[in-house]
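Quick mapping for you: the protein sequence lines, in order, are chains A and B. Everything in the first sequence is counted per my numbering, starting at 24 for the first residue and increasing by one. Everything in the second sequence is counted per my numbering, starting at 100 for the first residue and increasing by one. Have a look at the structure below, then the notes.
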Amino acid sequence: MTSRKNNSVIPHALQVDQKNDLFILFFRRREAILPIANLLTWVGKDSETYRCLTMDMKRDYYEDIQLCKTRTALVLTIALFCCLMIIPFLLGDYNIYIVNLIAIHAIVAIGLNILVGYTGQISLGHAGFFAIGAYTSVLLMVKGGVPFPVALLAAGFVSAGFGFLLGLPSLRLEGPYLAIATLGFGMAVTQIISHWDFAGGHMGLAAPKMSIGPFVADTGLEQYAIIMSVAAIMTIAAINLMKTRVGRALVAIRDSEIAAEAMGVNVLKYKTLAFAISAFYTGVGGALMAFALAHISAGSFNLILSITFLAMIIVGGLGSIMGSILGAALLTYLQIKLQVIQEAPIVGPILLDISKRFFTAEGLPNIQSIIIGGIMIGIVIFEPLGMRGIYLRFKRYWRMWPF
Amino acid sequence: MNFFMDLIVGGLAIGACYALIALAMVIIYKTSEVPNFAQGEMAMLATFVAYTMMANYGAGFWTSVIITMVFAFALGALLEICFLRPAEDPGVLGAIVITLGAEMILYGIAGWKWGANQNPFPVPFSEYSGVTISGVVITEINFWTLTVSLAVMLILFLFFRFTKLGTAMKAVQQNPFAAKAMGIPTRRILTFTWGLSSMTGAIAGMLIAPIATLDPNMMLDPMLKGFAGGVLGGLTSLPGAAAGAYLLGIIENLFGGYVSLEFKSVVAFGVIVLILCVKPSGLFVKHYKRKV
């Protein structure tokens, strides 16, 4: 009994020299994998896992605000960028379209997460900012003849201006009162746009093509290039922003407004700033959406859209950039796929049969709201941290594996 | 002058519907601090049940109403048991997300079951004829809407004031822990609250359905207006919320009559934002500032 215990994995793994300890856990025959292990060690030596095992703490403020904290993170980030550059060539047109929508929704989700997840405010009116961004850019390009990059930035800044205005009443409101105020804003924007003849009224507007100088984005692939670059830049900007003084002020306001104020955080400034930044992201997302869909109409910027944005960050994880992207990806994909659920291989015919017997067949796409609603509730009840919570738990489990 | 009075009467009638929804939301908000965004869809589903009873099973109007009330109570209680009870201390945002999720589920079910068709909702009251008092026409449906909403408010008032169950609900509202210590089954009270609120909402749904047409989107706008009215009056006071909802209905109708019909729904939310800037907790409620 005792001898078996001595030979078991756990003590053995901890007894070996520190250099390759991680990999011994997975590969018992170290000689065979030594070259790979050495390479992985170079990457892994700097990793969080390694730091955890060797009690290697952060010693410096600048270590904490680095973009890529560890070598592993750097390698993974580079790998991710390579993937983003390669995948459009592997996907068909339709899949590129889906990825474009995911990237746009990820921008919006990051923006909303800055407001809801980091600053702790509630917004049910982001469809309004989305609409403002979309209409600003398209109107500027169609009626004003402004080039695309300028129109894109202008969409962001006009939207941010409205965000600042909406941020002002939020200084005194909280909880459901803030929810209804933002919701009212969103509804009002949609109503005004749909009655505004200059903006095409109910019929909407056709969006021109995106173009930067001589480069005109005709196909989905070229759109992907523009949309994904903007998304990447804005993601990195958001990650960096959250590590600065501004980001910490926002988090302080979320955790306790009164305490933050007592510590010298200018609540008025940072709350309105959070609204403005969030609106900026959403406005840029809306502008890109207008070009990706090539047509905008006021009816599509409804309350359901605001709820979907909120669902994205709840599902992904509040207060997390990665969570926003994951949530946006999952919900966008689900939404598109569930629209055509009757074409799914096995489930489709069964559901169609059920629909014909008990429900109505033409109402079948409504199943997407049932599923998305179910996911929202399930996440709040079972996994309040969202997909990021699942990731963190998985990571912790992996790090502490034998125990 | 007659035009003005007509607008007031119309505003009061639509305000009565808003007031019922506002009451339904306030009943839940006061007991559990959950702003119930699913209220409208709950009412819509209940109204669809009444419609199906009448259209498909040939039940009489009043039979359908009674069956609908039972269904609404069960639906509200079910939502509380399935969705809110398992969530432990979800916070305001979590609660909003849960009710929004419930809203989407109910909306999806209604859309799946009844499609997007617009169905007429038959009621035994006329929408056009009615009594005329010194030149002002009060149609039968407006009259009954006003009467029913006032009656429901009276019943709720009496219920909270004079019955043991109502008193228990008030106790849970004021201090759940003390109420529990006193032997009140707080969880069952919460479930009952949801049922009661759902019934109130269902009445509103059946009053709105004849004016609008019955489809899954029917209650979206009235629910938001009802909520906005409740916020206008103050979400922590039943009479305040009802008064706010009536006020909102009148303001909206006057604006629609005199200024612009197109921007009728915009003005409601504009007014809300403006008033909340001045009185952050609503018109008829004392603002309670959170301390450290």
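The beta-carbon is built from N, C-alpha and C at its ideal position, and this holds for glycine as well. No experiment lies behind these values; they were computed from the predicted model shown.
Query, Result
"Could you check whether the Cβ of residue 46(A) sits closer than 8 Å to any Cβ belonging to chain B?", "Model confidence at residue 46(A) stands at a pLDDT of 48, short of 50, so the residue's coordinates are unreliable; what they give is reported in the following sentence. No, residue 46(A) does not count as interfacial toward chain B."
"Per DSSP, residue 250(A) is paired with what?", "None, per the DSSP bridge assignment."
"Check the Cβ of residue 192(A) against every Cβ in chain B and list those closer than 9 Å, keeping chain order.", "372, 373, 375, 376 and 379"
"List the residues of chain B whose Cβ lies closer than 8 Å to the Cβ of residue 383(A), in chain order.", "211, 212, 213 and 214"
"Provide the residue span of the alpha helix (DSSP H) that contains residue 246(B), from first to last.", "239-261"
"So is residue 47(A) buried or exposed if we call it buried at 16+ other beta carbons inside 10 Å?", "Any reading at residue 47(A) needs caution, since the residue's pLDDT is 47, under 50, leaving its predicted position unreliable; the model's value is listed next. With 16 or more Cβ atoms within 10 Å of its Cβ, residue 47(A) is classed as buried."
"Considering Cα atoms alone, identify which of 158(A), 185(A), 187(A) and 188(A) is closest to residue 175(A).", "158(A)"
"Please list, in chain order, the residues of the stretch 178-204 of chain B that have any C-beta partner in chain A closer than 8 Å.", "182, 185, 186, 189, 191, 192, 193, 195, 196, 197, 199, 200, 201, 202, 203 and 204"
"Can you check whether the C-beta of residue 333(A) is within less than 8 Å of a C-beta belonging to chain B?", "yes"
"Could you tell me how far apart the beta carbons of residue 329(B) and residue 342(B) are, in whole angstroms, since I believe they sit closer than 8 Å?", "About 10 Å; that fails the 8 Å criterion."
"Who pairs with residue 238(A) in a beta bridge, going by DSSP?", "235(A)"
"On a Cα-Cα basis, can you pick out the residue from 354(A), 182(A), 192(A) and 198(A) that is closest to residue 303(A)?", "182(A)"
"Would you verify that the beta carbon of residue 351(A) is, or is not, closer than 8 Å to some beta carbon of chain B?", "no"
"Measure how close the beta-carbons of residue 142(A) and residue 276(A) come, nearest whole angstrom, since I'm counting them as under 8 Å.", "6 Å"
"Under 8 Å, Cβ to Cβ, is there at least one residue of chain A near residue 232(B)?", "no"
"Answer yes or no: the CB of residue 331(A) versus the heavy atoms of the ligand FAD, is any distance below 7 Å?", "With respect to the ligand FAD, the structure shown offers nothing to examine, as it has no ligands at all."
"Would you kindly report the start and end of the unbroken alpha helix (DSSP H) that includes residue 304(A)?", "290-316"
"If contact means a Cβ-Cβ distance below 8 Å, which residues of the stretch 342-376 of chain B contact chain A?", "361, 362, 364, 365, 367, 368, 369, 371, 372, 375 and 376"
"Quick check for students: name the residue ranges of the alpha helix (DSSP H) that lie wholly in the stretch 345-381 of chain B, counting only runs of 4 or more.", "363-377"
"Just to confirm my understanding: we take residue 381(B), look at its own chain, exclude 5 residues before and 5 after, and list those with CB closer than 7 Å. What are they?", "330, 331, 332, 333, 334, 339 and 343"
"Under a Cβ-count criterion, where at least 16 other Cβ atoms within 10 Å of its own Cβ denotes burial, should residue 262(B) be classed as buried or exposed?", "exposed"
"Does DSSP put residue 218(B) in a helix, in a strand, or in coil?", "strand"
"Measuring only the C-alpha atoms, how far is residue 446(B) from residue 308(B)?", "The question about residue 446(B) has no answer, for chain B in this structure spans 100 to 391."
"When the Cα of residue 195(B) is compared with those of 410(A), 221(A), 364(A) and 402(A), which residue comes out closest?", "402(A)"
"Applying a beta-carbon distance threshold of less than 7 Å, which residues of chain A neighbour residue 149(B)?", "Within chain A, no residue comes near residue 149(B); the closest Cβ sits about 19 Å away, beyond 7 Å."
"Using the Cα positions of residue 377(A) and residue 384(A), report the straight-line distance between them to the nearest angstrom.", "9 Å"
"Can you give the Cα-Cα distance for residue 360(A) and residue 298(A), rounded to whole angstroms?", "32 Å"
"Do the stretch 134-153 of chain B and the stretch 361-372 of chain B touch if we need at least three Cβ pairs shorter than 8 Å?", "no"
"Can you check whether the C-beta of residue 259(B) is within less than 8 Å of a C-beta belonging to chain C?", "Structure shown: chain C not included; protein chains present are A and B."
"At a Cβ cut of 8 Å, what residues of the stretch 200-222 of chain A count as close to chain B, listed as they run along the chain?", "200, 202, 203, 204, 206, 207, 208, 210, 211, 214, 215 and 218"
"Between which two residues does the alpha helix (DSSP H) holding residue 328(A) run?", "326-339"
"Could you check if residue 116(B) is buried or exposed, using at least 16 other CB atoms within 10 Å of its CB as the buried criterion?", "buried"
"Relative to the C-alpha of residue 240(A), which candidate in 388(A), 315(A), 205(A) and 263(A) has its C-alpha closest?", "315(A)"
"Pick from 161(B), 200(B), 169(B) and 163(B): whose alpha carbon is nearest that of residue 295(B)?", "169(B)"
"Which class does residue 123(B) belong to by DSSP, given the choice of helix, strand or coil?", "helix"
"Specify the secondary structure class of residue 133(B) as computed by DSSP and reduced to three states.", "coil"
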